[in-house]
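Numbering-wise (this note's numbering), the sequence shown opens with residue 1 and increments by one. Worksheet: one structure, shown below.
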Amino acid sequence: MTSGLKSSLTFFVVVILFVVGVQFNRMIIEKDYLLYSHTECDPTAESCFVQDCEESEDGCDLTPYKKIEKLAKNAPDCDLSKPECINLSCAVDEDSCTVTSCSEDVLEEGETCTETMVDEIVETP
């Protein structure tokens, strides 16, 4: 192997290790990425997402939800699919956190919106 080829190969390996190190620091140490998850939604007060499926289908979950985008470093350090993990929400002064309620313009395939159930006030004469 010539010295020019060795130095090129060494440079290439150093660059690859540097890029891997930077990404490791960003993703694992700093947790500088967005989480996309679901959070609780009250269909009596707001429009919620729900899966567009039949209750009898396997994997069908008709629990209403909102969508949330949140920086991973601001999320609890637990498995979000487990019930003991707290429900995700945005703090009042939290940057890079958004909660999306259901509307026709944000629906994805396999989703539908719940109707907001507003109680009608009935006046008695």
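Backbone N, C-alpha and C fix where the C-beta goes; we use that ideal spot for every residue, glycine too.
- About 13 Å separates the beta carbons of Leu71 and Ser89, which is beyond the 8 Å limit, so they are not a contact pair.
- Following the DSSP letters along the chain, one finds Leu80 in no beta strand (DSSP E), marked with neither H nor E.
- For Val99, the closest alpha carbon among the candidates Ile68, Tyr33, Thr2 is that of Ile68.
- Taken in chain order, the unbroken stretches of beta strand (DSSP E) that lie wholly in the segment 9 to 93 and span 3 residues or more are 34 to 40, 49 to 51, 65 to 71.
- For Glu111, the beta-bridge partners assigned by DSSP are Gln51.
- Taking a contact as a CB-CB distance under 8 Å, the pair Cys48 and Tyr65 counts as one, their CB atoms being some 6 Å apart.
- Cβ-Cβ distances below 8 Å link Tyr33 to Arg26, Met27, Leu71, Ala72 in the same chain, with the five nearest sequence neighbours on each side left out; the list follows chain order.
- With contacts defined as CB atoms closer than 8 Å, Gln51 and Asp61 qualify as a contacting pair.
- Counting along the chain, Thr2 sits inside no beta strand (DSSP E), nor does DSSP assign it H or E at all.
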